[in-house]
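Colleague: I'd like to ask you about the structure that follows.
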Amino acid sequence: MNADSMKTVFISVPYGISARNILRCAALKMLSREHRVVILSALSLDPEFVKEFQGPNILFRDLPNKLPFAFRALRKFLDIAEGYYFTGKSGIRTLQILKESLRHDLPGSFQRRRIIGFLLGWEPLLSWLRQWQPALVRCDYYDRLFEEFKPSMVFLTHTTALEEFPVAFYGRRLGIKVTAMLHSWDVINTKTGLRGAVSPLPGRLLPLHFDKLLIWNEIQHKELTDFLGYKDAEIEIVGIPQFDVYAGGRWTPRSEFIKRYGGNPDKKTIAYLAGNPNMLPKQIEVVEHLVQWLKEGRYSSPAQLLLRLHPGLDTNYLLRYRGHPDVLIDEPSIAFTAGRFSSGWKAGEDDERHLAEVLANCDVALNVLSTSTLDAAAFDRPVVSIAYDGNTPMPYYRSIARYYDWNHYQNLMRTNGLRVARSHEELLKHINGYLANPGLDAAGRKEIIRSHCFKNDGKAGERIGEALLKELETAAPSKQFFGQKVLN
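Okay, so the sequence shown: first residue is 435 according to our numbering, each after it adds one.
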């Protein structure tokens with residue numbers, strides 16, 4: 435493209451998983467062929483990260499998480515007030531469960547947030563408070579950044595990450611296009627309430643009403659139109675970009691893959707994709723039974739267990755099984771974490787291929803309320819989700835069982851594409867059923883792909899690229915100089 439017609443787009447990448455989802459798909463190459471792309475990320479300090487994504491028309495800058503004190507203070511109140519308001523207004527079942535969980539777990543915090551929400555959580559006052567954000571978030575770093583590059587568009591990849599909010603607010607204040615992609619299937623119904631999904635901290639709404647929002651599926655489309663007032667023209671369904679690698683891939687032969695771990699290719703492989711320990715604190719009790727059943731020969735076929743540790747959260751207690759003859763250990767990289775890193779990136783697509791090969795070469799996948807159910811369905815692999823607390827049941831609002839009443843997982847369960855185990859006995863029963871007949875629930879797994887993944891055709895990244903290029907056609911940088919004159 436002629437240099438005179440080349441535009442600049444900022445892509446903000448706060449976490450490793452954001453890079454995995456967006457930068458590794460086709461969209462980055464499509465954009466950089468025609469325009470200048472500035473990747474904003476803490477990982478821009480990591481040579482391996484830069485090595486993987488560098489190319490013509492691609493530049494790197496930091497995405498700082500040190501934001502002005504006044505902005506952070508305002509956001510603390512807004513997170514609570516918006517969560518209170520949205521929980522009541524939307525009526526989303528998940529948010530009601532999270533509210534009651536907060537009441538049971540932290541009654542003091544619940545009362546404080548309820549008071550703040552009652553005082554601040556009404557629309558006219560919220561609108562007035564939100565208007566202060568662009569002014570309070572202003573800082574020298576972003577003044578210089580926007581002045582240097584004069585972007586025509588910004589694109590956010592993890593819409594509830596506070597580090598990205600300045601990018602959105604600067605873009606809106608300067609009159610350029612502000613676009614984003616929802617980073618997960620449950621953003622609207624688990625990340626937006628009085629309490630976070632697996633954290634006592636408040637949830638967080640999207641920073642603003644985006645000019646264009648790219649999403650995974652029709653379910654998210656309905657959530658955005660029903661609860662956040664988006665119009666059809668402001669939304670584009672593109673699918674799941676990190677699934678592109680799954681389509682038509684050639685995977686390491688099973689015998690070779692299993693032997694890497696010291697396993698036996700002739701045995702059935704049960705992949706346990708470790709759950710969030712905050713959701714299932716006594717996860718070890720479930721794993722102990724899985725291992726004990728190996729020793730007792732209680733599986734319907736000779737089997738081995740592949741334990742994949744949780745990405746980003748501490749499940750290292752599972753390493754105690756390293757060395758067991760029928761237990762294999764797998765440790766994912768930071769590309770699967772929703773955490774902030776400035777180093778430790780592993781260049782190349784080995785991460786994507788590795789998870790794919792785990793699923794392609796297992797016989798049954800076990801998880802705990804996880805997106806990995808979608809990954810497994812992409813490979814037509816049977817899935818059992820664990821919905822009990824271990825050896826001793828917990829009260830509902832402290833139990834893993836409550837998470838299975840969340841809207842997004844209820845949508846998944848209605849496909850009949852997975853089994854849910856609510857006891858040790860049910861877990862063993864479902865595993866053995868799938869080992870004996872892996873075709874069980876195959877129609878349901880196809881429905882998971884249809885309803886949740888849009889198209890499993892390997893072209894989600896291309897659709898993202900096409901959508902962003904189309905937005906850039908009508909995007910223009912601010913007509914004024916990026917400095918005091920514009921921002922004041």
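Glycine residues also receive a C-beta, built at the ideal position from the N, C-alpha and C atoms.
(1) Counting only the same chain and skipping the five closest in sequence on each side, list residues whose C-beta sits under 7 Å from that of serine 857.
(2) Under 8 Å between the Cβ atoms of glycine 899 and alanine 614?
(3) Quick one: measure Cβ to Cβ for serine 912 and glycine 609, integer angstroms, because I've assumed they're closer than 8 Å.
(4) Determine the closest residue to leucine 752 out of Arg815, Arg506 and Arg742, with distance taken between C-alpha atoms.
(5) Throw me the rounded Cβ distance for the isoleucine 622 and phenylalanine 661 pair, which I believe falls under 8 Å.
(6) Assess contact between the segment 830 to 844 and the segment 697 to 705, defined as three or more Cβ pairs (one per stretch) separated by less than 8 Å. Is contact present?
(7) Could you check where the alpha helix (DSSP H) with arginine 467 kicks off and where it finishes?
(8) Does the distance from the C-beta atom of asparagine 866 to that of serine 689 stay below 8 Å?
(9) At the level of alpha carbons, what is the spacing between isoleucine 768 and leucine 869?
(10) Restricting to Cα atoms, I'd like to know which of Glu557, Asn825, Asp814 and Gln738 is closest to tyrosine 518.
(11) Only counting runs of 4 or more residues, tell me where the alpha helix (DSSP H) segments fall wholly within the segment 659 to 701, in order along the chain.
(12) Out of Pro636, Glu482 and Leu861, which one is the CA nearest neighbour of serine 535?
(13) Could you please give me the residues that DSSP links to asparagine 801 through a beta bridge?
(14) For valine 640, which of Val679, Glu516, Gly683 and Asp539 has the nearest alpha-carbon?
(15) Can you list, in chain order, the residues of its chain with a C-beta nearer than 6 Å to that of tyrosine 838? Leave out the 5 residues immediately preceding and following it.
(16) Tell me the DSSP secondary structure of arginine 495 in three-state form.
(17) List the endpoints of the continuous alpha helix (DSSP H) containing aspartate 513.
(18) Could you pull the DSSP bridge partners for methionine 440 from this structure?
(19) Can you tell me whether DSSP reads aspartate 645 as helix, strand or coil?
(20) Kindly indicate the opening and closing residues of the beta strand (DSSP E) around aspartate 764.
(21) Could you spell out the range, first to last residue, of the alpha helix (DSSP H) harbouring alanine 870?
(22) If you count every other CB in all the chains shown that lies within 10 Å of the CB of glutamine 726, and 16 or more means buried, which is it?
(23) What is the C-beta distance between leucine 789 and aspartate 809, in whole angstroms, given that I count them as a contact (C-beta under 8 Å)?
(24) With distances taken from CA atoms, which of Asn841, Leu852, Val761 and Leu762 is nearest serine 806?
(25) What first and last residue would you give for the beta strand (DSSP E) that runs through lysine 611?
(26) Please give me, in chain order, every unbroken run of the beta strand (DSSP E) with length at least 3 that falls completely inside the segment 540 to 602.
(27) How would you label aspartate 539, buried or exposed, when you count the other beta carbons within 10 angstroms and need 16 or more for buried?
(28) Taking the C-alpha atoms as reference points, what is the distance between threonine 771 and histidine 744?
Modeller: Well, looking at it:
(1) Tyr822
(2) no
(3) 6 Å
(4) Arg742
(5) 6 Å
(6) no
(7) 461 to 468
(8) no
(9) Confidence in isoleucine 768 is poor, its pLDDT being 46 and thus under 50, which makes the residue's placement too unreliable to answer from.
(10) Glu557
(11) 688 to 694
(12) Pro636
(13) Ser819
(14) Residue 640 is actually leucine in this sequence, not valine. When only C-alpha atoms are compared, the closest one is Glu516.
(15) Ala821
(16) strand
(17) 503 to 524
(18) Partner(s): none; methionine 440 has no beta bridge.
(19) coil
(20) 761 to 764
(21) 858 to 870
(22) exposed
(23) 7 Å
(24) Leu852
(25) 611 to 615
(26) 587 to 590
(27) exposed
(28) For threonine 771, the pLDDT reaches just 45, beneath the cut-off of 50, and the residue's location in the model is therefore unreliable, although a value from the coordinates is still provided. Going by the C-alpha atoms only, they are around 9 Å apart.
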